[in-house]
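Position 383, counted from 1, in the sequence shown is what the working numbering calls 753; the numbers after and before it change by one each time, with no gaps. All C-beta atoms, glycine included, are put in the ideal place defined by N, C-alpha and C. Since the structure is predicted, the reported quantities are computational estimates derived from the model, not experimental observations. Taking it in order: structure first as structure tokens, then the write-up.
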Amino acid sequence: MPLPKRLLNGIQRSSMRVPLLDLKLQYSPLKAKILSAIEQVADSQHLVLGPQVDKLEADIVTYTGASHAIGVSSGTDAQLVLLMALGIGPGDVVVTTPYTFFATAGCVERLGARIVFADIDPATYNLSPSALAEVLSKTERVKAIIPVHLYGCCADMEAICALAVQHGIPVLEDAAQALGASHPMGAAGAIAEAGWYSFYPTKNLGAFGDAGMVTCRDAGLATKIRSLRNHGMEPRYYHHSVGGNFRLDAIQAAVLNIKLPHLDSWGAGRRERAAFYRSAFAKAGLDKVLTLPVEPWSETGVGTHHIYNQFVVRAPRRDALRAFLSEAGIGSEIYYPLPLHLQECFKHLGYGLGAFPESERAAQESLALPIFPELLAEQQAYVVEKIAAFYA
Ligand SMILES: Cc1ncc(COP(=O)(O)O)c(C=O)c1O
371 MPLPKRLLNG IQRSSMRVPL LDLKLQYSPL KAKILSAIEQ VADSQHLVLG
421 PQVDKLEADI VTYTGASHAI GVSSGTDAQL VLLMALGIGP GDVVVTTPYT
471 FFATAGCVER LGARIVFADI DPATYNLSPS ALAEVLSKTE RVKAIIPVHL
521 YGCCADMEAI CALAVQHGIP VLEDAAQALG ASHPMGAAGA IAEAGWYSFY
571 PTKNLGAFGD AGMVTCRDAG LATKIRSLRN HGMEPRYYHH SVGGNFRLDA
621 IQAAVLNIKL PHLDSWGAGR RERAAFYRSA FAKAGLDKVL TLPVEPWSET
671 GVGTHHIYNQ FVVRAPRRDA LRAFLSEAGI GSEIYYPLPL HLQECFKHLG
721 YGLGAFPESE RAAQESLALP IFPELLAEQQ AYVVEKIAAF YA
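Below, the structure is given as structure tokens:
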């Protein structure tokens, strides 16, 4: 039987290395186009905002169906400027999950608002609607609910938005890891009142440095965000409100404009690799040992999907497995080893160990395995083989 194309790479098993992610493989075929786009920006000397950023914003609107998209300097700054535009500050409460990247809660704290956490659903690692309902029933002055579409899988937006409507609170989607993911209600980041994406290089659509994008439904809010990303300045040197420098560089936008047309095929490549792991783990009987990621919205059969920014499993003896894989040349990562309610800088929130058991358990058990569109079948087979050897 002929070997599948992705096996014909001549890699020797003895020298097998499987990095968690290898961005050079994505860059290489696009190198000429990307360098030419960067050169055009250099020649134009239009280095901040400008036509490249305008194009990216328009294309993100088309791609996601969001009403407005505003390019900014990072995913963190996208969230920060959005919360500033909504006037969130001291005396306000924002509810989110403790099992996410730090920025989600960090931006709330920076504005002087109070963070209230609600635990995750153990199957999806995303904000649990029942935990959220309980928090909302006993918390006053909640000004925003922030679900995070962790690892590229949408949170339960139907249940979360229903609760939000009941309480009259806007939902802001942290879609930093989820551009391209979808849910029966729409594209990640374009379902609720507002949201944001990160274009940090390891994201599915990665810039050549930091970059981000805010999305929102309301035209007035979009105008405010545009103003705040540039120090609330309009016209030049006249300031209506205190914003910041959250502007997006033209070079980053130019790189993203070259990459965006490839995002769907890269996403399909990630999903194929997820399916490969799923079937190889099942064949090896490892689906009973590891807990594999779920695809809750794919089961609805309307073409919605997880985009596998990360392929995260729960693994018994996780740390020992990670060390074993590392010895075998296989990269992995723990997202995240310490939930946010237990972080030193959030001690004053008053949460102790045991406050969010599902987040704490996920932090102990989860392990991200290599997944990226250029990953070879042979490399994936090697990962599965080594995991089987560990549990043998
Ligand atoms: C869930 C989540 N939120 C926010 C951010 C912040 O994005 P950035 O790194 O672009 O500031 C990230 C990036 O890692 C993230 O994963």
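Any idea if residue i is buried or exposed, counting beta-carbon neighbours within 10 angstroms, 16 or more meaning buried?
i	result
L618	buried
N679	buried
P663	buried
H676	buried
A771	Nothing can be reported for residue 771, as the shown portion of the chain is limited to 371 through 762.
T474	buried
Q415	exposed
H718	exposed
F760	buried
E409	exposed
S507	exposed
L739	buried
A493	exposed
G536	It should be pointed out that residue 536 corresponds to Gln in this sequence rather than to Gly. Looking at its Cβ environment, which holds fewer than 16 other Cβ atoms inside 10 Å, Q536 is exposed.
R606	exposed
K658	exposed
K573	buried
Taking only beta-carbon atoms, is residue i less than 8 Å away from chain C?
i	result
L426	The question asks about chain C, but that chain is absent: this structure has only one protein chain.
Examine ligand 2 and report whether any of its heavy atoms sits within less than 7 Å of the Cβ of residue i.
i	result
F616	In the structure on display, ligand 2 does not appear, and the ligands it does have are ligand 1.
Roughly how many whole angstroms lie between the Cα atoms of residue i and residue j?
i	j	result
G476	V541	17 Å
G380	Q750	Unreliable positioning characterises G380 in this predicted model, as indicated by a pLDDT of 47, which lies under 50. The coordinate reading is nonetheless provided below. Cα-Cα distance, rounded: 15 Å.
I595	V683	37 Å
T661	G579	33 Å
V388	I700	5 Å
G420	K401	23 Å
Kindly list the residues whose CB is nearer than 7 Å to the CB of residue i, restricted to its own chain and excluding five residues on each side of it in sequence; keep chain order.
i	result
H601	H609, G613, G614 and N615
P709	P468, Y469, F726, S729, E730 and A733
Could you tell me whether the Cβ atoms of residue i and residue j are closer together than 8 Å?
i	j	result
Y567	L591	no
S437	C586	yes
A534	G565	no
V463	K513	yes
G576	F569	yes
S778	T674	No answer is possible for residue 778: the residues shown for the chain start at 371 and end at 762.
I704	S668	no
G459	G482	yes
G582	S406	no
L644	F681	Here residue 644 is Ala; the residue named in the question, Leu, does not match the sequence. Contact flag set, yes.
Please go through the same chain and pick out, in chain order, the residues whose beta-carbon is closer than 6 Å to the beta-carbon of residue i, but skip the five residues on each side of it.
i	result
I404	V625 and I628
F742	L391
T446	A473
S611	G602
I621	I408 and V411
Y721	H711
Tell me which residues share the same chain as residue i and place their Cβ nearer than 8 Å to its Cβ, disregarding the 5 neighbours each side in the sequence.
i	result
Y397	I404
N496	T467, I490, P517, V518, H519, L520, C523, C524, A525 and D526
In chain order, which continuous runs of the alpha helix (DSSP H) of length 4 or greater are located wholly inside the region 685–730? 688–697
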